[in-house]
Amino acid sequence: MPGQPRYLWLADQLRTPILNGELTPGTRLPSRSRLARSYEVSEQVSRHALRLLVSEGLVEARPGSGYYVRSVPQIHRFSRTDRSSGSGVEPLYRRDIDTVTEKACDLVSRRLAIRDGDAVYRTRCLGLTDGVPVALHTAWEPMLLTHGTLRTPADAEPGTSVLDRLGAAGVIIDRVVEEVGVRPLREPEASMLQLAAGLPVLVVERTHYNGQRPVETSDLVGSVDHCRLLYRLSLARTPRKGR
Numbered sequence: 001m002p003g004q005p006r007y008l009w010l011a012d013q014l015r016t017p018i019l020n021g022e023l024t025p026g027t028r029l030p031s032r033s034r035l036a037r038s039y040e041v042s043e044q045v046s047r048h049a050l051r052l053l054v055s056e057g058l059v060e061a062r063p064g065s066g067y068y069v070r071s072v073p074q075i076h077r078f079s080r081t082d083r084s085s086g087s088g089v090e091p092l093y094r095r096d097i098d099t100v101t102e103k104a105c106d107l108v109s110r111r112l113a114i115r116d117g118d119a120v121y122r123t124r125c126l127g128l129t130d131g132v133p134v135a136l137h138t139a140w141e142p143m144l145l146t147h148g149t150l151r152t153p154a155d156a157e158p159g160t161s162v163l164d165r166l167g168a169a170g171v172i173i174d175r176v177v178e179e180v181g182v183r184p185l186r187e188p189e190a191s192m193l194q195l196a197a198g199l200p201v202l203v204v205e206r207t208h209y210n211g212q213r214p215v216e217t218s219d220l221v222g223s224v225d226h227c228r229l230l231y232r233l234s235l236a237r238t239p240r241k242g243r
């Protein structure tokens, strides 16, 4: 291991049997002092190596008990295509939280191209698996689009897509812009997802447009351990010359 920090070398010795299945989920790893003796390193080195594996999600620290190989989490894939608008928390079980009216704050007003303080509908729902929340979907829509009709988010039948609902109100969605990133989990998101604030989460900012006008914007916030985005995009084929 010339030139390599010793804690990285030790982490490699533990990572390999975890990844190839020799150390199965739930296996208790040797203590820091035992690792130090077995691999002839200091306890500081073994501590740094274990912390690295914890940060990689391969090992979990249980206070008062030790370090254990983490179970492989169940992965849920959210399908995104260029032919439909897959919004919400599908394929998870959906639990509606609320639909309320509120004044648009700076962030929402910029995304919807409206003024600060304009009225919007805010809709929230959770995506659950085995009763455990793993994703939170929050959507905002200018109130003036559907107010006074039966096409508001509060009036929508369960499972109705935003495309169908707004289309029935005469607002045709013809473009979607989606931005994906990772950020720290905020309150009250943390309380609803039963996770600690500050943990990194997957965030999908999605905005639906009618021409150049944004008509609905949403955040899908999901556990990085459980959520993935699956993209299926069609490619235009260029005709070959001579055909």
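In UniProt numbering, the protein residues as written are 1 to 243.
Quick reminder that beta carbons are idealized off the backbone N, C-alpha and C, glycines included.
It should be emphasised that the depicted structure is a prediction, and the values quoted were computed from it without experimental measurement.
By the DSSP assignment, the beta strand (DSSP E) with residue i in it spans what residues?
i	result
residue 98	93 to 103
residue 202	200 to 210
residue 216	213 to 223
residue 139	132 to 142
residue 76	76 to 81
Given a threshold of 16 other Cβ atoms within 10 Å of its Cβ, counted over all protein chains shown, does residue i qualify as buried or as exposed?
i	result
residue 75	exposed
residue 147	exposed
residue 173	buried
residue 236	exposed
residue 239	exposed
residue 206	buried
residue 153	buried
residue 19	exposed
residue 61	exposed
residue 28	exposed
residue 16	exposed
residue 234	exposed
residue 204	buried
residue 37	exposed
residue 7	buried
residue 230	exposed
How about residue i and residue j: do their beta carbons lie closer than 8 Å?
i	j	result
residue 261	residue 215	Not covered by the structure: residue 261. The range shown for the chain is 1 to 243.
residue 98	residue 109	no
residue 133	residue 114	no
residue 53	residue 45	no
residue 202	residue 170	no
residue 184	residue 198	yes
residue 107	residue 49	no
residue 92	residue 135	yes
residue 138	residue 124	yes
residue 77	residue 228	yes
residue 112	residue 217	yes
residue 176	residue 200	no
residue 104	residue 96	no
residue 128	residue 192	no
Indicate the three-state DSSP secondary structure (helix, strand or coil) for residue i in the structure shown.
i	result
residue 46	helix
residue 19	helix
residue 40	coil
residue 171	coil
residue 232	strand
residue 6	helix
residue 89	coil
residue 11	helix
residue 165	helix
Since residue i and residue j should fall inside the 8 Å C-beta cutoff, what is the C-beta to C-beta distance between them, to a whole number of angstroms?
i	j	result
residue 72	residue 23	With 8 Å as the limit, residue 72 and residue 23 do not qualify as a contact, their Cβ atoms being about 12 Å apart.
residue 43	residue 32	5 Å
residue 208	residue 162	6 Å
residue 122	residue 102	5 Å
residue 219	residue 57	With a Cβ gap of about 23 Å, residue 219 and residue 57 do not count as contacting.
residue 80	residue 88	So it is not a contact: roughly 12 Å between Cβ atoms.
Return the first residue and the last residue of the alpha helix (DSSP H) that residue i is part of.
i	result
residue 108	106 to 112
residue 56	Here residue 56 belongs to no alpha helix (DSSP H), and DSSP marks it neither H nor E.
residue 190	189 to 193
Should residue i be counted as a contact of the ligand MG given a C-beta to heavy atom distance under 7 Å?
i	result
residue 174	The model on display carries no ligand, and the ligand MG is accordingly not part of it.
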